[in-house]
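Student:
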Amino acid sequence: MAAQTPEAIYQQTCSVCHDGQIASAPRKGDTAAWAPRLAKGKDVLLENVLKGYSVMPPKGMCFSCTKDDLKGVIDWMAH
Ligand code: HEC
Numbered sequence: 001m002a003a004q005t006p007e008a009i010y011q012q013t014c015s016v017c018h019d020g021q022i023a024s025a026p027r028k029g030d031t032a033a034w035a036p037r038l039a040k041g042k043d044v045l046l047e048n049v050l051k052g053y054s055v056m057p058p059k060g061m062c063f064s065c066t067k068d069d070l071k072g073v074i075d076w077m078a079h
């Protein structure tokens with residue numbers, strides 16, 4: 001998966017929930033929704049995605065993603 005771009009990972013996995021299907025899942029580019037999340041710090045966001053958070057499964061369901069892959073996707077989708 002390392003060769004995959006953050007956008008490709010997002011489209012394949014994260015967008016299943018983060019593109020409006022689940023209201024509580026912040027959408028790409030929704031700065032108002034991301035602001036309070038980013039305020040927690042990106043390390044916390046990464047930990048929460050790795051472990052799973054609320055209804056989001058561990059690794060956001062991208063089981064082949066590395067930690068760095070997920071870090072890249074979070075950076076990509078939170079802006
Ligand atoms: C099964 C649905 C689902 C999938 C798939 C999913 N998410 Fe989420 N995600 C959610 C929901 C729902 C929330 C909001 C949870 C809450 O705040 O109650 C969330 C929250 C987040 C947050 C904020 C966490 C925080 O601490 O506030 C990040 C970052 C995130 N997702 C990243 C990702 C990434 C990256 C992927 C793909 C690799 C992904 N998600 C895939 C449902 C999903």
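The numbering of the sequence shown is the working numbering, which starts it at 1 and goes up by one.
Glycine residues also receive a C-beta, built at the ideal position from the N, C-alpha and C atoms.
#1: What's the gap between the Cα of Lys42 and the Cα of Gly72?
#2: Suppose the cutoff is 8 Å on Cβ atoms and the five residues either side in sequence are ignored; what does the same chain contact list for Arg37 look like?
#3: Less than 7 Å between C-beta atoms, sequence neighbours within five positions excluded: which residues of the same chain meet that for Asp74?
#4: Could you check whether the Cβ of Thr31 sits closer than 8 Å to any heavy atom belonging to the ligand HEC?
Tutor: Taking the structure as given:
#1: Against the sequence shown, residue 42 aligns to sequence position 42. Against the sequence shown, residue 72 aligns to sequence position 72. Lys42 and Gly72 have their C-alpha atoms spaced approximately 11 Å apart.
#2: As a first step, residue 37 must be located in the sequence shown, where it is residue number 37. Closer than 8 Å at the Cβ level, and outside the excluded window around Arg37, lie Pro26, Leu45, Ala78.
#3: For the purposes of this step, residue 74 is identified with residue 74 of the sequence shown, where counting begins at 1. Correcting the residue type first, residue 74 is Ile in the shown sequence and not Asp. Lys42, Leu45, Leu46, Val49, listed in sequence order.
#4: Walking along the sequence shown from the start, residue 31 turns up at place 31. Outside the cutoff, so no.
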